Amino acid sequence: MIILPLPHILIFSLLLFAIGIYGALVRRNIIGILISIELMLNAANINLIAFSKYTSLAPETGQIFALFVIAIAATAAAVGLAIVLALYRVRKTVQADEVHLLKW
Amino acid sequence: MPILEIAAKYTTYAVMAVILVFALGVVTLRNLFHCALCLAAALIGTAVLYVVLQAEYLAAIQILLYVGAVVTLVIFAIMLTEHLAGKTVRQNNSQSLPAIAGLLGFVSLLTALILKTPWPVTPTALQAKVLVMGLGKALMGDYVFPFEVISIVLIAALIGTVVIAKKDQPEEKA
Amino acid sequence: MVTSDQILLVPLLPFLAFVVNILAGRWLKDRAAWLSIATSSAACGIALPVCWAVFQGAHFAHQGTWLMLGSTPLRFGYLMDPLSATLLFMVTVVGTLIQIYAAGYMHGDPRYSRFFAYVSLFMFAMLTLVISDNYLLFFMSWEIMGLCSYLLIGFYFEKLSAANASLKAFLTTRVGDVGFLLGFLTLFAALGTLNFSEMNTLLAGAHKTHFVLNTGLLATAALFIFCGTIGKSAQFPLHVWLPDAMEGPTPVSALIHAATMVAAGVFLVARSFTLFMAVPNILPVVTAIGTITAFMAAFIALTQNDIKRVLAYSTISQLGYMVTALGLSGLGAGTFHLITHAFFKALLFLGAGSVIHGTHVQDIREMGGLFKKMPHTAVTFIIASLALAGIPPLSGFWSKDEILLAAFGSGHFLVYGVLLLTAFMTAFYMFRLIFLTFFGAARNPGVHAHESPALMTVPLWCLATGSVLIGIPGSPFMHHWFQTFIAQMAHYPEYDPSAFVMACSIAVAVLGIALAGIMYLRQKHWAAAVAKTFPSFYRLSFNKFYFDEFYFAYVVKPFQSLGRALFRFDETVIDGTVNNAGRATLFVSAVKQWIDTYIVDGAVNFMGTAVYFFNSIVKRIQTGILQNYLLIVFVSVLAFLFFELKF
C-alpha cells in the first residue's frame, strides 16, 4: 500500500488541470482544444478518486462519479468531434480563430 | 519504512512527472497526431495512478474508454480533417502570454489553498477496500437514477452525433 | 259595378309604366310605347265606368290619415264629383289618344323609352291631381307635372333653344307655384283644412254655424291660389313660357301644353270656386286677367308665322276665355270650354305635328297646298279649326257661346265686347293658318310632304269625332245636361239662352273666316298693306307686346346683376376669408414642421446616435473568436476567486 500525502496528489492534479486550461486557451486547432478538455476532465477524475480514497466513508461514491464523468467525457468527445467534422465540411477549416462569423 | 515502499513511492512520483511531461506534450506539440499519442500516454499514466490509489476497476475502464475509444475517435477526427505530415501552420494563437500569466496566478492560488487546508484524512477510509461488487450495488442501488439519466444522455448523444456528422442530403425527393 | 277603390289604379298604372320604362327602357326599346299606351288605356278602361257612374249621380270619396299636425289630421284621399269625373274622362281619353299618336310621331327617336317614361309620369301626376281631394295632394301632383313639363320641353336638350325654353317654363311657372303654395297654406291657417269638401261645407254653412270667417285672410288665400292658375295656365302676365314651350316634341305640346296641364290651372279655380265666390272682389280680378289674356294672346296670334306658336297663343287665348268664364261665376261654362278645348286643341296640335312630321318645316310661309298631299291631316285640322272658331254645331260653338252668354247675361258688356272681338280674331288667325298651310300653291319647292302613317291619323280622326260631338251634352239638344250636371257643385247664376248672342258669335266667326279667305287666298297684297297701314299695331303683335324684352330688361337683367354682385362678394370676401384661413393654416403647419424636424426628430435621432456611439465602443469585446471568450471567462473566474478568498 503506497501512501502519498493527499496534497501532493492534489497539486499534481492541479498542474494537470492548468496544463489542460493552457491548451484550451492557446490551441488554434479545435481538435486540440477538445484534447485539452479531456486532460482537464482527467485531472478532475484523479481528484475524485483521491478524495474518495482518503476522506470518504463510502469509497464507492467517488469512483462512481468518476465513471459518470468518463461517460460524459466520451459523449462530449463524440458530439464535439461530430461538430468539428460538420464544420470542416462546410468551412474547410478546423482553426478556432478562423471561425468568427458570430461577432459584431 | 521498508525500502520497497520507498521505492514504490518515488516510482509513483516519477509516474506523475511522466504524466505531466506527456500532458505538456499534448498542449505544445505542433503535430496534432503526436498530441493525440501524448494524450494516450498521459491517460495510461493516469490509469497507473488509479491502480496506486486502489481503484483497479476504474483503471480498466480508463484504459478501455479513454484510450480505446476517445483517443481513437480523436485520431479519426484528425485524420479526417487534415493531412498528417508537413504541417507548418501556426498551432498556437496570440494569447499564450495572458494565459500563462493567469495560470501562474491560478496555480499559486490553489496551491496555497491546498497546503493551507486541513484535509480530514481518515485512516479507516484508507483501510477500506472498494470491490467491483460494491460498485455494482451502488450503481444499481443509490445511484440508479443518475445511471439511467446517463444512459439516456448517451443515446441522445449517439443520435445527435450521427445527425450532425452525416453529410447533407442534396434535396431528397420522395 | 265599380268598386270605389279601383279608382286608385287609374293613376297607379301609368306610374307603373313610368317605373318600368325609366329602369328597363334600354331593353324595352319600341315596346316602351306599347307599355305606356297599355297602362293608359287600362286607366281609361277603369276610369270610364267610374265617370259613367258619377254621370248617373253617384259620388265617391275616400280618405286616409297621412300625418297629424298637432291635433289636426292631414288626410289624403280621392274625390269623385261631377268636376273630377269630367276631367278624368277627358284626361284619360285624350291622353291615351295622344300617346298612340306619339308612338308613331316619336318613332326612331334615340330617347324613345325615356319620352314615354316622362309621359307616363305626367299621366300619373295629372290623374292624381284630378282625383285628389285636398290642396296638398293637388299641389304635389301639380309640381310633378311642372317637372314633367320641364323635362319634356327640354327633351331635345341638345338644342340650346329647347334647354332655355325648359328653364324659362320652369322658372316662370315657379313664380305662380310659390303663390299657390302660400295660398293654400294661408287657407289652412284660415280654415284649418285643406280638403275640398270640408272647405265647401265650412264656407257654405258659415252663416248657419256662426263660424266667423276671416274674410281678409280668405281673400289673400284666394288671390295667392289664383297666382298658381296664372302661372300654370299661362295667364297674363306669366304667359311668356307657353309659346317657348313649343320647343318640346309636338305630342307633348298637345298633351301637356294644350289639353291637360295648362287646363289644370283652370281646374284649380273651378275646384276653389266656392272660395272665390265666398270672398268679394276676387272674381273681378279673375275676369280682368282672363279677358286681357284672351284678347292679347289672340292679337299676338294674328301675326305669328310658326305653326305651333300660333296654336300656343291660341291656347293662351282660350285659357283666358275659361278664366273669364269662371270670373263671371260661370263654373259650367268654364268647365265645358275646358273639355271641348282639350279635344279640338289637342287635335290641332296633333295635326300640326302631322304637318311637321310630313314636311319637316314649322314656318307656315314655307308650306302651302298641303291639302292634296295630306288629306286626313287637312280635313281633321279644318274640323278642329271650325270648332275653335265657333261654327255650329261643332263643340267649340256651344262652349264659347256659354261664356259669351255669361258675359252678356251678367251685364259685363265691355267684357262681352272684348270677347266677341277675340272670337273674331280667333276665327281669322286660325283660317289664316289653314289657308297658308293647306291651300294656295306650294311656296317652298324643297318641301316634299307626305301623309302620316295610320298610327297618327287614326287618333286624329278619333279626336275629330270628339271635337264634333263633345259639345252636344252642353247644347240645347240635350237640354244643357252638362251645365245641370256641373251645377250640382255650387250655386251660381244661370242665364237663359239668347238668340242674339248666338247670332253675334256665328256672325263674327263667319266674318273672320271670310276675311282670312279674302286676305290670304284672293287679295294677297292686303296683308302687307294692313301691316303698313297700322305699323305700331303690327309691331306690337309681331313682337308679342314686347313681354320677353320687358322681362329681360326688368327681371332677368337685375337678377343677373344681383347674381354678379353676389358672385363678386363671394369671390372677394368669402373666398378671401377661406384663402386667408388656408394661408394661416399653412403658416402654422410650417412652424409645426420646423418643430417636428428639429426638436422631436432631433431628440429621437440623438437617442439613436448616442446608442450607436456607445455600442461602437462596447462591441469591440465581441470578436467572434471562441478562445477570447474562454480567456475572459477564465480571468473573470480567477478574479472572482481572488476576491472571494480575500487574498
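Chains as they are written, first to last, in the working numbering: chain C, 1 to 104; chain S, 1001 to 1174; chain U, 2001 to 2647. For every residue, glycine included, the Cβ atom is placed at its ideal position computed from N, Cα and C. Source: prediction; values computed, not measured.
Three-state class that DSSP yields for residue i in the structure shown
| i | result |
| --- | --- |
| glycine 2265 of chain U | helix |
| histidine 2062 of chain U | strand |
| leucine 1084 of chain S | In this predicted model, leucine 1084 of chain S has a pLDDT of only 44, less than 50, meaning its place in the structure is not dependable enough to derive any value. |
| threonine 61 of chain C | helix |
| valine 2457 of chain U | Strictly speaking, residue 2457 of chain U in this sequence is threonine, with valine absent from that position. Helix. |
| tyrosine 55 of chain C | Correcting the residue type first, residue 55 of chain C is threonine in the shown sequence and not tyrosine. Note: threonine 55 of chain C maps to coil in three-state DSSP. |
| methionine 1133 of chain S | helix |
| alanine 1174 of chain S | The predicted model places alanine 1174 of chain S with a pLDDT of 48, which falls under 50 and marks its position as unreliable; any figure quoted below should be read in that light. Coil, per DSSP. |
| arginine 27 of chain C | strand |
Where residue i meets chain U, residues with beta-carbon distance less than 7 angstroms
| i | result |
| --- | --- |
| lysine 103 of chain C | Gln2622, Thr2623 and Gly2624 |
| alanine 1099 of chain S | Leu2631 |
Span separating the alpha-carbon of residue i from that of residue j
| i | j | result |
| --- | --- | --- |
| cysteine 2148 of chain U | glutamine 2304 of chain U | 27 angstroms |
| proline 2715 of chain U | isoleucine 2486 of chain U | Only positions 2001 to 2647 of chain U appear in the structure, and residue 2715 of chain U is not among them; the question remains open. |
| leucine 1084 of chain S | valine 1107 of chain S | At leucine 1084 of chain S the pLDDT is 44, less than 50, meaning the model places this residue with poor confidence; the figure from the coordinates comes in the next sentence. Approximately 34 angstroms, taken between the alpha carbons. |
| leucine 2013 of chain U | alanine 2043 of chain U | 7 angstroms |
| threonine 1011 of chain S | isoleucine 9 of chain C | 14 angstroms |
| arginine 2365 of chain U | glycine 2358 of chain U | 16 angstroms |
| phenylalanine 2224 of chain U | phenylalanine 2569 of chain U | 34 angstroms |
| methionine 2125 of chain U | methionine 2068 of chain U | Correcting the residue identity first, residue 2125 of chain U is alanine in this sequence and not methionine. Their Cα atoms are separated by approximately 24 angstroms. |
| alanine 2378 of chain U | isoleucine 2472 of chain U | 24 angstroms |
| threonine 1161 of chain S | leucine 2641 of chain U | 36 angstroms |
| glycine 2176 of chain U | leucine 2460 of chain U | 33 angstroms |
| isoleucine 2316 of chain U | isoleucine 2518 of chain U | 26 angstroms |
| glycine 2390 of chain U | valine 2447 of chain U | 32 angstroms |
| phenylalanine 12 of chain C | serine 56 of chain C | 20 angstroms |
| threonine 2229 of chain U | proline 2445 of chain U | 44 angstroms |
| leucine 2203 of chain U | phenylalanine 2196 of chain U | 11 angstroms |
| histidine 2479 of chain U | proline 2497 of chain U | 11 angstroms |
| lysine 2373 of chain U | glycine 2512 of chain U | 26 angstroms |
| leucine 2079 of chain U | glutamine 2099 of chain U | 26 angstroms |
| leucine 1126 of chain S | glycine 62 of chain C | 14 angstroms |
heavy atom of the ligand FAD below 8 angstroms from residue i C-beta
| i | result |
| --- | --- |
| alanine 1128 of chain S | The ligand FAD is not part of the structure shown, which contains no ligands of any sort. |
Interface residues of chain C facing residue i [CB-CB closer than 9 angstroms]
| i | result |
| --- | --- |
| glutamine 2627 of chain U | Ala24, Leu25, Val26, Arg27, Arg28, Ile33, Ala96 and Asp97 |
| phenylalanine 2634 of chain U | Ile21, Ala24 and Leu25 |
| alanine 1138 of chain S | Ala58, Glu60, Thr61, Gln63 and Ile64 |
Beta-carbon proximity list for residue i, same chain, < 7 angstroms, skipping 5 on both sides
| i | result |
| --- | --- |
| phenylalanine 1147 of chain S | Leu1139 |
| alanine 2516 of chain U | Phe2428, Phe2431, Arg2432 and Phe2435 |
| methionine 1949 of chain U | Chain U is shown from 2001 up to 2647; residue 1949 of chain U falls before or after that span and cannot be answered. |
| threonine 2215 of chain U | Val2279 |
| valine 84 of chain C | Ile30, Ile31 and Val94 |
Close Cβ partners of residue i (< 6 angstroms) along its chain, the five nearest in sequence each way excluded
| i | result |
| --- | --- |
| serine 2314 of chain U | Ala2301 |
| glycine 80 of chain C | Leu34 |
| threonine 2065 of chain U | Pro2073 and Arg2075 |
Contact set for residue i: own chain, Cβ-Cβ below 8 angstroms, skip 5 residues either direction
| i | result |
| --- | --- |
| aspartate 2005 of chain U | His2062 |
| glutamine 2483 of chain U | Gly2332, Ala2333, Phe2336, Glu2402, Gly2474 and Glu2494 |
| tryptophan 2526 of chain U | Ile2518 and Met2519 |
Contact with chain B by residue i, beta-carbon distance below 9 angstroms
| i | result |
| --- | --- |
| histidine 8 of chain C | The chain labelled as chain B is not found among the protein chains of the depicted structure, namely C, S and U. |
Amino acids of chain S, ordered along the chain, whose beta-carbon sits closer than 9 angstroms to that of residue i
| i | result |
| --- | --- |
| phenylalanine 2642 of chain U | Gly1105 and Leu1109 |
Proximal residues of chain S, C-beta to C-beta of residue i below 8 angstroms
| i | result |
| --- | --- |
| asparagine 47 of chain C | Residues of chain S passing the Cβ test: none, with the nearest at roughly 11 angstroms. |
| isoleucine 37 of chain C | None at all; the shortest Cβ gap to chain S is about 11 angstroms. |
| valine 84 of chain C | Ala1077 and Thr1081 |
| valine 79 of chain C | Ala1157, Gly1160, Thr1161 and Ile1164 |
Within chain S, partners of residue i - CB distance below 7 angstroms
| i | result |
| --- | --- |
| alanine 44 of chain C | Simply none; closest approach about 11 angstroms. |
Under 8 angstroms from the C-beta of residue i: neighbouring residues of chain U
| i | result |
| --- | --- |
| glutamine 1091 of chain S | Those within 8 angstroms of glutamine 1091 of chain S in chain U number zero; the least Cβ separation is about 13 angstroms. |
| glutamine 1095 of chain S | Gln2627, Asn2628 and Leu2631 |
Interface residues of chain C facing residue i [CB-CB closer than 7 angstroms]
| i | result |
| --- | --- |
| isoleucine 1078 of chain S | Ile31 |
9 angstroms Cβ cut-off: residues of chain U touching residue i
| i | result |
| --- | --- |
| glycine 1102 of chain S | Leu2631, Phe2634, Val2635 and Leu2638 |
Taking contact to mean 3 or more Cβ pairs, one atom from each stretch, closer than 8 angstroms, check whether the stretch 2462-2482 of chain U and the stretch 2390-2406 of chain U are in contact. Because the criterion of three Cβ pairs below 8 angstroms is met, the stretch 2462-2482 of chain U and the stretch 2390-2406 of chain U touch.
The stretch 37-45 of chain C contacting the stretch 1111-1122 of chain S, beta-carbon criterion three pairs below 8 angstroms: Two segments are said to touch when three or more pairs of C-beta atoms, one from each, lie closer than 8 angstroms; by this definition the stretch 37-45 of chain C does not touch the stretch 1111-1122 of chain S.
Would the stretch 2146-2164 of chain U count as touching the stretch 2102-2120 of chain U if we require 3 or more Cβ pairs under 8 angstroms? Two segments are said to touch when three or more pairs of C-beta atoms, one from each, lie closer than 8 angstroms; by this definition the stretch 2146-2164 of chain U touches the stretch 2102-2120 of chain U.
Okay, do the stretch 2168-2188 of chain U and the stretch 2225-2244 of chain U touch, 3+ Cβ pairs below 8 angstroms being the bar? A contact exists between the stretch 2168-2188 of chain U and the stretch 2225-2244 of chain U.
Sufficient close CB pairs (3 or more, under 8 angstroms) joining the stretch 2416-2432 of chain U to the stretch 2331-2339 of chain U: Touching, no, given that fewer than three Cβ pairs across the two stretches are closer than 8 angstroms.
Any 3 or more C-beta pairs closer than 8 angstroms across the stretch 2089-2102 of chain U and the stretch 2034-2054 of chain U: With the cut-off at 8 angstroms, the stretch 2089-2102 of chain U and the stretch 2034-2054 of chain U touch.
Can we say the stretch 1016-1029 of chain S touches the stretch 6-24 of chain C, given the rule of at least three CB pairs closer than 8 angstroms? Between the stretch 1016-1029 of chain S and the stretch 6-24 of chain C there are three or more C-beta pairs closer than 8 angstroms, enough to call the two in contact.
Do the stretch 2347-2358 of chain U and the stretch 2283-2292 of chain U touch if we need at least three Cβ pairs shorter than 8 angstroms? Touching, no, given that fewer than three Cβ pairs across the two stretches are closer than 8 angstroms.
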